[in-house]
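S.K.: Chains as they are written, first to last, in the numbering used here: chain A, 2 to 107; chain B, 48 to 389. Pasting a structure below so you can have a look.
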């Protein structure tokens, strides 16, 4: 179990209880967090679950895979903290993880 | 004037796995199909979103990629000779009478069909539009999401944004025509064919094009005429002067004109019954990801099942009063003859 904080573009925060093994994207969709579209359903094939990981957490969530890096080409305003939330798996170590949601998935 | 209308039993809107399998199920009942798709090839999401990614939940195929599944479905439906119409979007669907529908596409092709099957998945694939303020006002005059006629770009100062095959291909193809051409991508690596990337780098080394690393943050210009953009790179912001912008950020699914056809919708999905998978308009069916009913699962296998049941009702509309005998492909010589195996 881990608590994941999603911060919407306008600052609204959602604190979600996520089960280990699920992805951060799934935790958002399951709890109807707005701003995560996940068009492809988690196949790392669309870049519509783009989030910005808060700096303190960047190391813990690990590196982007090559496939994810490719997919991020389809996202807008990609930053060093950009990740696709379908590629981050929830674990105890990520308890308290905070991610920001971009203004728009596109 | 558009060419003469195509008359057929069934029009299938969408050439994804469910649309393709509908050709099979309808074909077993001697129903001839035309398939329309906005992409340039069959397969829908399987071909566009995940051609190389494995699918594990197709019955009987422990693992199959999106492209392999598409290829196998095409092989399976080949005895029924469906006609495909690619690169077109259905814009109009109107009912002229019972079992009499008119379907029109944005390429001015008109179909007259007895039944229509909407197998449009998540809608139609359309180019992604970067969410930049004011981009709408430049669309069609300075900002283009596709190249229809290369000649239109002769003598322009072109900025191409993206790092996939479209961005690279158009960089190579438009460079000889352009007055100047800049390619902007967010990183030095590309997901395009290595050969295109090499050719692009050669052009950049020669000074024939400019390759810059960064992302567009603002557009400049007035009255639909672009004069340049501001981009952000590792070293900070910089300006690129251009009068034509071609952003290539892939495709996204939009419901599109389906909403204008007078069919009842529920949150961008088409409610259907679970016996015939028929919409609120008798004779118009919806199968696959685009439909909704209690318990619906957006799985390819659900779409296959829906195609089979839909076909039974389609047969009744097309052959009123005729008896439909249920048969198995394993034992029915008449079905086997249709499949060309006996």
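Glycine included, each C-beta is placed from N, C-alpha and C at the ideal position.
Determine the DSSP secondary structure at residue 208 of chain B, reduced to helix, strand or coil.
M.R.: By 1-based counting over the second chain, the position of residue 208 of chain B is 161. The answer is strand: DSSP assigns residue 208 of chain B an E or B state.
S.K.: Out of B/104, B/117, B/84, point me to the one whose CA is closest to residue 135 of chain B's CA.
M.R.: Indexing the second chain from 1 puts residue 135 of chain B at position 88. The candidate whose alpha carbon is nearest that of residue 135 of chain B is B/84.
S.K.: Does the pairing of the stretch 53-66 of chain B with the stretch 78-97 of chain B give three or more beta-carbon distances under 8 Å?
M.R.: yes
S.K.: Roughly how many angstroms separate the alpha carbons of residue 109 of chain B and residue 50 of chain B, rounded to a whole number?
M.R.: As a position in the second chain, residue 109 of chain B is number 62, starting the count at 1. As a position in the second chain, residue 50 of chain B is number 3, starting the count at 1. One C-alpha to the other measures close to 45 Å.
S.K.: Taking only the alpha-carbon atoms, compute the straight-line gap between residue 196 of chain B and residue 154 of chain B and give it to the nearest angstrom.
M.R.: Translated into positions along the second chain, residue 196 of chain B becomes position 149. Translated into positions along the second chain, residue 154 of chain B becomes position 107. Spanning the two alpha carbons is a distance of roughly 15 Å.
S.K.: May I ask you to list the residues that DSSP assigns as paired with residue 65 of chain B?
M.R.: Here residue 65 of chain B corresponds to residue number 18 of the second chain, with the count starting at 1. None, per the DSSP bridge assignment.
S.K.: May I have the straight-line CA-CA distance separating residue 77 of chain A from residue 85 of chain A, to the nearest angstrom?
M.R.: In the first chain, the residue the question calls residue 77 of chain A occupies position 76. In the first chain, the residue the question calls residue 85 of chain A occupies position 84. Rounded to whole angstroms, residue 77 of chain A to residue 85 of chain A spans 12 Å at the Cα level.
S.K.: In angstroms, rounded to a whole number, what distance separates the CA positions of residue 262 of chain B and residue 315 of chain B?
M.R.: Within the second chain, residue 262 of chain B is the residue found at index 215, counting from 1. Within the second chain, residue 315 of chain B is the residue found at index 268, counting from 1. Going from the Cα of residue 262 of chain B to the Cα of residue 315 of chain B covers about 32 Å.
S.K.: What is the residue span of the alpha helix (DSSP H) that residue 383 of chain B lies within?
M.R.: Here residue 383 of chain B refers to the residue found at position 336 when the second chain is read from its first residue. Taken as a continuous stretch (DSSP letters only), the alpha helix (DSSP H) holding residue 383 of chain B covers 380-386.
S.K.: Could you tell me which of A/93, A/55, A/91, A/39 sits nearest to residue 48 of chain A, measuring between CA atoms?
M.R.: Within the first chain, numbered from 1, the residue matching residue 48 of chain A stands at position 47. Measuring from the Cα of residue 48 of chain A, the nearest candidate turns out to be A/39.
S.K.: Per DSSP, what are the beta-bridge partners of residue 92 of chain B in this structure?
M.R.: Numbered from 1 along the second chain, position 45 holds the residue referred to as residue 92 of chain B. Looking at the DSSP output, residue 92 of chain B bridges to nothing.
S.K.: Taking 8 Å as the CB-CB limit, is residue 50 of chain A close to chain B?
M.R.: For this step, residue 50 of chain A is matched to residue 49 along the first chain. Output row for residue 50 of chain A: interface = no.
S.K.: Is the beta carbon of residue 50 of chain A less than 8 Å from the beta carbon of residue 68 of chain A?
M.R.: As a position in the first chain, residue 50 of chain A is number 49, starting the count at 1. As a position in the first chain, residue 68 of chain A is number 67, starting the count at 1. Contact: no.
S.K.: With a CB to CB cut of under 6 Å and the five nearest residues on each side skipped, what residues in its chain are close to residue 32 of chain A?
M.R.: Translated into the one-based positions of the first chain, residue 32 of chain A becomes position 31. These residues qualify, in order along the chain: 17.
S.K.: Less than 8 Å separating the beta-carbons of residue 233 of chain B and residue 79 of chain A?
M.R.: Sequence index remark: in the second chain, residue 233 of chain B carries index 186 (1-based). Sequence index remark: in the first chain, residue 79 of chain A carries index 78 (1-based). The answer is yes: Cβ separation under 8 Å.
S.K.: Take residue 294 of chain B as the anchor and find which of B/313, B/206, B/253 has the nearest alpha-carbon.
M.R.: Sequence index remark: in the second chain, residue 294 of chain B carries index 247 (1-based). That would be B/206, whose Cα lies nearest to the Cα of residue 294 of chain B.
S.K.: I want to verify the contact list: residues of chain B whose CB lies under 8 Å from the CB of residue 107 of chain A, in sequence order.
M.R.: Translated into positions along the first chain, residue 107 of chain A becomes position 106. By Cβ distance, chain B contributes 175, 176, 177, 178, 296, 299.
S.K.: According to DSSP, is residue 48 of chain B part of a helix, a strand, or is it coil?
M.R.: Taking the second chain and counting its residues from 1, the one referred to as residue 48 of chain B is at position 1. Caution applies to residue 48 of chain B, whose pLDDT of 46 falls short of 50 and renders its modelled position unreliable; the value that the coordinates give is listed next. Residue 48 of chain B: coil per DSSP, three-state reduction.
S.K.: On a Cα-Cα basis, can you pick out the residue from B/385, B/221, B/105 that is closest to residue 198 of chain B?
M.R.: Sequence index remark: in the second chain, residue 198 of chain B carries index 151 (1-based). The candidate whose alpha carbon is nearest that of residue 198 of chain B is B/221.
S.K.: Hey, how far is the Cα of residue 127 of chain B from the Cα of residue 71 of chain B?
M.R.: As a first step, residue 127 of chain B must be located in the second chain, where it is residue number 80. As a first step, residue 71 of chain B must be located in the second chain, where it is residue number 24. C-alpha separation (whole angstroms): 7 Å.
S.K.: Assign residue 144 of chain B to one of two classes, buried (16 or more other C-beta atoms within 10 Å of its C-beta) or exposed (fewer than that).
M.R.: Within the second chain, the letter at position 97 stands for residue 144 of chain B. By the 10 Å Cβ count, residue 144 of chain B comes out exposed.
S.K.: Can you check which of these residues, B/380, B/243, B/141, B/94, is closest to residue 119 of chain B by C-alpha distance?
M.R.: The residue given as residue 119 of chain B occupies position 72 in the second chain. Nearest C-alpha to residue 119 of chain B: B/94.
S.K.: In whole angstroms, what separates the C-alpha of residue 224 of chain B from that of residue 200 of chain B?
M.R.: Working through the second chain from its first residue, we reach residue 224 of chain B at position 177. Working through the second chain from its first residue, we reach residue 200 of chain B at position 153. Distance between the alpha carbons of residue 224 of chain B and residue 200 of chain B is about 7 Å.
S.K.: Are the C-beta of residue 262 of chain B and some C-beta of chain A separated by less than 8 Å?
M.R.: For the purposes of this step, residue 262 of chain B is identified with residue 215 of the second chain, where counting begins at 1. Cβ-Cβ to chain A under 8 Å: yes for residue 262 of chain B.
S.K.: Would you say residue 100 of chain B reaches chain A, if we count a Cβ-Cβ gap shorter than 8 Å as a contact?
M.R.: Position 53 of the second chain, counted from the start, is the residue given in the question as residue 100 of chain B. Yes, residue 100 of chain B counts as interfacial toward chain A.
S.K.: By DSSP, does residue 23 of chain A sit in helix, in strand, or in coil?
M.R.: Start at 1 with the first residue of the first chain, and residue 23 of chain A comes out as number 22. Three-state DSSP puts residue 23 of chain A in coil, outside helix and strand.
S.K.: When DSSP labels each residue in this structure, what does residue 194 of chain B get in the three-state scheme?
M.R.: Here residue 194 of chain B is taken as the residue at index 147 of the second chain, counted from 1. If DSSP states are grouped into helix, strand and coil, residue 194 of chain B belongs with coil.
S.K.: With burial defined as no fewer than 16 other Cβ atoms inside 10 Å of the residue's Cβ, what is the status of residue 375 of chain B: buried or exposed?
M.R.: Locating residue 375 of chain B in the second chain gives position 328, counting from the first residue. Exposed: under 16 other Cβ atoms inside 10 Å.
S.K.: Output, in chain order, the set of chain B residues within a Cβ distance shorter than 7 Å of residue 109 of chain A.
M.R.: Outside the modelled stretch of chain A, which goes from 2 to 107, sits residue 109 of chain A, for which no answer is possible.
S.K.: Report the CB separation of residue 361 of chain B from residue 162 of chain B in whole angstroms; it is logged as a contact under 8 Å.
M.R.: Residue mapping note: residue 361 of chain B aligns to position 314 of the second chain, counting from 1. Residue mapping note: residue 162 of chain B aligns to position 115 of the second chain, counting from 1. The pair is a contact, with the Cβ atoms about 5 Å apart (cut-off 8 Å).
S.K.: Return yes when the Cβ of residue 152 of chain B is within less than 8 Å of the Cβ of residue 132 of chain B, no when it is not.
M.R.: One-based indexing of the second chain puts residue 132 of chain B at position 85. One-based indexing of the second chain puts residue 152 of chain B at position 105. Yes; because the gap between Cβ atoms is below 8 Å, this pair is in contact.
S.K.: So, is residue 97 of chain B buried or exposed, given that buried needs 16 or more other C-beta atoms within 10 angstroms?
M.R.: Against the second chain, residue 97 of chain B aligns to sequence position 50. Under this definition residue 97 of chain B is a buried residue.
S.K.: For the putative contact between residue 57 of chain B and residue 67 of chain B, defined by C-beta atoms under 8 Å, what is the C-beta separation to the nearest angstrom?
M.R.: Position 10 of the second chain, counted from the first residue, corresponds to residue 57 of chain B. Position 20 of the second chain, counted from the first residue, corresponds to residue 67 of chain B. No, residue 57 of chain B and residue 67 of chain B are not in contact; Cβ-Cβ is about 13 Å, not under 8 Å.
S.K.: Can you find a CB in chain B that lies within less than 8 Å of the CB of residue 41 of chain A?
M.R.: Counting from 1 along the first chain, the entry for residue 41 of chain A is found at position 40. Closer than 8 Å: yes.
S.K.: Give the straight-line distance between the Cα atoms of residue 77 of chain B and residue 353 of chain B, rounded to the nearest whole angstrom.
M.R.: Your numbering for residue 77 of chain B matches position 30 in the second chain. Your numbering for residue 353 of chain B matches position 306 in the second chain. Distance between the alpha carbons of residue 77 of chain B and residue 353 of chain B is about 18 Å.
S.K.: Measure the CB-CB distance between residue 182 of chain B and residue 175 of chain B and report whether it falls below 8 Å.
M.R.: Your numbering for residue 182 of chain B matches position 135 in the second chain. Your numbering for residue 175 of chain B matches position 128 in the second chain. Contact: no.
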